[in-house]
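All letters in the sequence shown, in the order written, are residues 255 to 321 by our numbering.
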Amino acid sequence: MKQPYNTTIYNTALYMRLSRDDELQGESGSIQTQRMMLRQYAAEHGLNVIDEYIDDGWSGTNFAGVR
């Protein structure tokens, strides 16, 4: 028996992280490249991108700037 085509649409968010090496350049080419690759992946897999999150270089070990 043939399986029905999956028509489920999944909502997702993109997460991009700024490398410490790039943090002096603002939103770096690294972030732009990550965004492009993630959006391409989402499109190829039928994911609906509803938001984007960018980690601006805060270390996970630095609690001074907990937001």
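Note that CB positions come from ideal geometry on N, CA and C, so glycine has one too.
Within a 10 Å sphere around the beta-carbon of Q294 sit fewer than 16 other beta-carbons, which makes this residue exposed. Secondary structure at Y269: strand, using DSSP grouped into helix, strand and coil. Under DSSP, L301 shares a beta bridge with Y264. Apart from the 5 residues on each side of it in sequence, A267 sits with its Cβ closer than 8 Å to the Cβ of V303, I304, D305, E306, Y307 in its chain, given in chain order.
For I263, the CB contacts under 6 Å within the same chain, skipping 5 residues up- and downstream, are N302 in chain order. As the crow flies, the alpha-carbon of E298 is around 20 Å from that of I285.
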